[in-house]
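Numbering (this note's numbering), first residue to last: 261 to 374. All remarks here apply to the structure that follows.
Next up, the structure:
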């Protein structure tokens, strides 16, 4: 099984030329030897997590870099510490309502004592 692992992807490709380069390399690797699974280690929206119901930020940071028409497998996602700074329920709802391959059906762990 080929697995791709990403993390700290919370900037747009316009904000981070390195992210754009890495996303392009991942797409090229997937084209040559397809991945069957992805793992997103969190911090999907930097620097302060996602504002409530702001799916646009997730589109710009996740879906634009990992479009579902190219990456047809699930990308198991966790909520990182910066994601907890924002509204992590928005990320869960993004999985449910917008991009099911951003696989985050529920909160998976907690940072600190909230």
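Even for Gly, the Cβ is constructed at its ideal location relative to N, Cα and C. Computed from a predicted structure; not experimentally measured.
If contacts are defined as beta-carbon pairs under 8 Å, then residue i and residue j qualify, I think. What distance do you get, rounded to the angstrom?
i, j, result
"residue 261", "residue 316", "At roughly 33 Å, the Cβ-Cβ gap does not stay under 8 Å, so residue 261 and residue 316 are not in contact."
"residue 298", "residue 343", "Not confirmed; about 17 Å, so no contact."
Tell me the DSSP secondary structure of residue i in three-state form.
i, result
"residue 300", "strand"
How is the beta strand (DSSP E) around residue i delimited, first residue to last?
i, result
"residue 337", "335-337"
Which same chain residues end up closer than 7 Å to residue i when comparing Cβ atoms and leaving out the 5 residues on each side of it in sequence?
i, result
"residue 280", "273"
"residue 312", "347, 350"
"residue 287", "330"
"residue 362", "322, 335, 337, 354, 355"
"residue 293", "262"
Between which residues of its own chain and residue i is the CB-CB distance below 6 Å, once the five residues before and five after are set aside?
i, result
"residue 326", "none"
"residue 283", "325"
At a threshold of 7 Å, does residue i count as lining the ligand COA (C-beta to nearest heavy atom)?
i, result
"residue 290", "Looking at this structure, you won't find the ligand COA or any other ligand, since it has none at all."
Looking only at DSSP bridge pairs, what is residue i linked to?
i, result
"residue 362", "335"
"residue 305", "Beta-bridge pairing links residue 305 to no other residue."
Alpha helix (DSSP H) containing residue i: first to last residue?
i, result
"residue 271", "Note, residue 271: premise wrong, no alpha helix (DSSP H); not H, not E."
"residue 326", "That residue, residue 326, is in no alpha helix (DSSP H); it is neither H nor E in DSSP."
"residue 349", "348-357"
"residue 292", "277-292"
"residue 341", "341-345"
Less than 8 Å between C-beta atoms, sequence neighbours within five positions excluded: which residues of the same chain meet that for residue i?
i, result
"residue 365", "352, 355, 356"
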